[in-house]
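Asker:
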Amino acid sequence: MTNDVIRLRSVTRRYGAGGMSVTALDQVSLAFPRGTFTAVMGPSGSGKSTLLQCAAGLDRPTSGSVTVGDTELTGLSETKLTLLRRERIGFVFQAFNLLPSLTAEQNVALPLRLAGRRPRKDRVREVLQQVGLGDRARHRPTEMSGGQQQRVALARALITRPEVLFGDEPTGSLDSQTSREVLTLLRGMVGREGQTVIMVTHDP
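Residues 14 to 217, numbered by my numbering, are exactly what the sequence shown covers, in order.
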């Protein structure tokens with residue numbers, strides 16, 4: 014098995030057609046090794062979010078190939094892509110996307126329930142503990158700060174033990190101090206857990 018968890022080969026992504034087409038990615042080849050933290054930085058419109066979406070199987074490249082582990086994504090059906098993302102990839106976005114009627118532990122367990130798997134309470138508590146929210150398991154989003162809500166979103170992404178965790182501007186709506194705390198948490202997971210993290214940001 015290769016040590017690269019994600020590989021892009023000559024990936025091009027164009028939107029539109031003819032003279033109105035826009036090239037977001039142009040022949041991009043990249044590899045992301047397992048157990049590493051990678052930050053992709055650039056201004057708005059530079060193609061960084063498109064890169065993440067293609068790498069994660071959320072968008073299909075116009076040409077080129079994307080491989081997750083030993084699985085080439087280009088030829089997969091939408092159903093198989095959905096299963097791959099659910100089982101092998103975690104996502105954290107700028108918007109926390111927590112369900113307000115659910116507690117922290119219920120939000121964290123949601124990906125397992127959607128996959129038809131019974132969440133183990135000790136595993137849910139374990140990932141909440143990893144993100145420093147062991148004492149907030151029964152709190153709802155409205156009872157937590159923005160930083161705490163983003164930590165719940167991070168725990169939710171980790172509950173399935175993903176091969177890679179993608180972050181699309183995960184600190185974009187947080188203040189500078191809370192942003193540093195979340196980034197420190199992500200880097201710590203690489204060191205302690207061997208987690209692979211790929212995030213895009215416009216901040217240096």
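Quick reminder that beta carbons are idealized off the backbone N, C-alpha and C, glycines included.
Our contact map puts Thr209 next to Val165 with C-beta atoms below 8 Å; I'd like the distance itself, whole angstroms only.
Answerer: Not a contact, Cβ separation roughly 21 Å.
Asker: Helix, strand or coil: which one does DSSP assign to Arg126?
Answerer: Note: Arg126 maps to helix in three-state DSSP.
Asker: Is the beta carbon of Val213 sitting closer than 8 Å to the one on Asp181?
Answerer: The answer is yes: Cβ separation under 8 Å.
Asker: Where in the segment 116-167 do unbroken runs of the alpha helix (DSSP H), each at least 4 residues long, occur, reported from the N-terminal end onward?
Answerer: Runs of the alpha helix (DSSP H) inside the segment 116-167: 117-127 and 134-143.
Asker: Expressed to the nearest angstrom, what Euclidean distance is found between the alpha-carbon atoms of Leu43 and Leu97?
Answerer: If you take the alpha carbons of Leu43 and Leu97, they lie about 20 Å apart.
Asker: Is there contact here, the segment 185-200 with the segment 146-164, by at least three beta-carbon pairs under 8 Å?
Answerer: Short answer: they touch.
Asker: So Ser192 is in the alpha helix (DSSP H); what residue range does that whole segment cover?
Answerer: Where Ser192 is concerned, the enclosing alpha helix (DSSP H) stretches over Ser189 to Glu206.
Asker: Would you decide whether Leu21 is buried or exposed? Buried here means 16 or more other CB atoms lie within 10 Å of its CB.
Answerer: Per the 10 Å Cβ criterion, buried.
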